[in-house]
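Residue numbering for the sequence shown is 56 to 135, as defined by my numbering. Read through the structure below, which is laid out as structure tokens, and then see the notes.
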Amino acid sequence: MKSLLYLKYLKKQSLYLNENEKNKIDTILFNHQYKKNIVIRKAETIQSPITFWYGKYIILIPSSYFKSVIDKRLKYIILH
Numbered sequence: 056m057k058s059l060l061y062l063k064y065l066k067k068q069s070l071y072l073n074e075n076e077k078n079k080i081d082t083i084l085f086n087h088q089y090k091k092n093i094v095i096r097k098a099e100t101i102q103s104p105i106t107f108w109y110g111k112y113i114i115l116i117p118s119s120y121f122k123s124v125i126d127k128r129l130k131y132i133i134l135h
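If you want it as structure tokens, here you go:
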């Protein structure tokens, strides 16, 4: 039960992607013809990416990844 509450907390605390980050993600999804309905957001409070289902698929990516991780690694995270 605690883990579900924690996921709900993370979802509420997550941030929308800025335009540059959204463009990176959209390019990755378009290039790989990815059609699933997913939500990708960033979070300040996590150290590694988290994927879970909470009514829809959600991928939370640490905010620091958009600054320090190369696009190729970001692609692997999203497509995993």
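Built from N, CA and C at the ideal position, the CB exists for glycine as well.
Beta-carbon proximity check, residue i vs residue j, cutoff 7 Å
i, j, result
"E76", "F121", "yes"
"L65", "L115", "yes"
"I133", "P117", "no"
Of the listed residues the options, nearest to residue i (C-alpha basis)
i, options, result
"K63", "K111, I133, R128 and H135", "K111"
"Y109", "H135, N92 and S119", "N92"
Residue i, buried or exposed, once every other Cβ within 10 Å from all chains shown has been counted against 16
i, result
"K141", "Residue 141 falls outside the range modelled here, since the chain spans only 56 to 135, and no answer is possible."
"S123", "exposed"
"S69", "buried"
"I125", "exposed"
Span separating the alpha-carbon of residue i from that of residue j
i, j, result
"I83", "Y61", "29 Å"
"V94", "I113", "5 Å"
"S103", "L59", "18 Å"
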